[in-house]
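Heads up, the thing below is written out as C-alpha cells.
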Amino acid sequence: MAIDREKYREIIAQLGESVQLVAVSKTKPVEDIRALYEEGQRDFGENYVQELVDKQPQLPSDIRWHFIGHLQSNKVKYIMPWVHLIHGVDSLSLLKEINKQAAKGNRIAEVLLQVHIAREETKFGLSPDELAEVMRRIGAHPTAWQNVSVRGLMGMASNAEDTEVVGQEFTALKSLFDTFFPDGRGILSMGMSGDYELAIRKGSNMVRIGSLLFGKRG
Ligand SMILES: *Cc1c(COP(=O)(O)O)cnc(C)c1O
C-alpha cells in the first residue's frame, strides 16, 4: 500500500503553521512510515504498545512518537524512554504511573488528558467532571506531579455523518480546553481523516490523520 504524497502535501498546506499533523501509522509497515518521513513528516501516532515498540528502533531517531491509543498502566514503562506525547490519559492512576516511570527515567513526560465527547459508550475518556477533578488534584499538589506535564486535551467525536452533532462535540471540547488551558499555549488534539476540517474550524491545533495518508486499514 503506497502512501498518498499528494494528499500529504495538500493537508500540510491546508494546516499551515497553527495546526500540527500527527500521521497515524497504526497497522502500517515501516516502509510507509519511512516514505512519509522522507516527505518531511516527523510526528507519527501509534495505538498499540507492542507495535510501537517493534517499529521505533527500525526508524529514524528524530521521529516524534505520539501514543494515541488506550494505554495500560503496566505498559507505560516500555515507551517511556522515547515517547514524545501521550494523548489518551483518562485516569488519575494512569497519570500516576506515567509520573512514576518518567521520574525513573529522569524526564518530564508530556501528556494530554482524553475527554469523552462522543455519544458512543465505547470511546474512552474522562467526563468533564472527572477532568475538573484531575486538574484540581494536580493543582493542589504540584510537587507530587513533577515528572508529568499536562499540555492539553484530546478527544474523539462520534462516528456520525451528522456534522451538527460532531461540531457540537468539538465545540464542547474546545470550551473545556479554554477553561483549563487559557494561556494559549496548550495542545488541543482533535480531528481525524473524516472530520479534521471541522475540528480545525472548531479550534483544534493538532489533528491525527491516518487513512487519508496511508490508505484504509484492513
Ligand atoms: C486510528 C486513529 C486515528 C486516525 O484515524 P483515521 O480515520 O484513519 O484518520 C486518530 N485518532 C485515534 C485515537 C485513532 O485511534
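Under the working numbering, think of the first position of the sequence shown as -6, with each following residue one higher.
From the three backbone atoms N, C-alpha and C, an ideal C-beta is built for every residue, glycine too.
Since this is a predicted model, take the numbers as computed values, not measurements.
| Check | Outcome |
| --- | --- |
| With 16 other Cβ atoms within 10 Å as the buried cut-off, status of GLY234 | The chain is shown from -6 up to 211; residue 234 falls before or after that span and cannot be answered. |
| Straight-line Cα distance separating ARG27 from ALA6 | 20 Å |
| Extent of the continuous alpha helix (DSSP H) to which ASP55 belongs | ASP55 -> no alpha helix (DSSP H), and no H or E assigned at all. |
| Simplified DSSP state of GLY132, which is helix, strand or coil | helix |
| Backbone secondary structure at ILE69 - three-state DSSP | The residue asked about is misnamed: residue 69 is Val in this sequence, not Ile. VAL69: helix per DSSP, three-state reduction. |
| Under the three-state DSSP convention, the category GLY160 falls into | helix |
| Closest Cα partner of PRO121 within the set PHE37, MET147, PRO135, VAL141 | MET147 |
| Inter-residue CB distance, VAL17 and GLY203 (contact presumed, cutoff 8 Å) | 3 Å |
| LEU206: first and last residue of the uninterrupted beta strand (DSSP E) it sits in | That residue, LEU206, is in no beta strand (DSSP E); its alpha helix (DSSP H) goes 204 to 207. |
| Same chain only: Cβ atoms within 8 Å of ALA95, ignoring 5 sequence neighbours per side | MET73, ILE101, ALA102, ASN140, VAL141 |
| Touch test, the stretch 32 to 52 against the stretch 83 to 98, Cβ-Cβ under 8 Å, three pairs minimum | no |
| In DSSP terms, what GLY214 is bridged to | The structure shown has nothing for residue 214, since the chain only spans -6 to 211. |
| Which of helix, strand or coil DSSP assigns to VAL76 | coil |
| Cα-Cα separation, PRO22 to HIS63 | 21 Å |
| Check whether THR156 and LEU105 have beta carbons under 8 Å apart | no |
| Neighbourhood of GLY98 by C-beta distance below 8 Å, restricted to the same chain and skipping five residues each side | MET73, PRO74 |
| Opposing strand residues paired with MET199 [DSSP bridges] | GLN13, SER182 |
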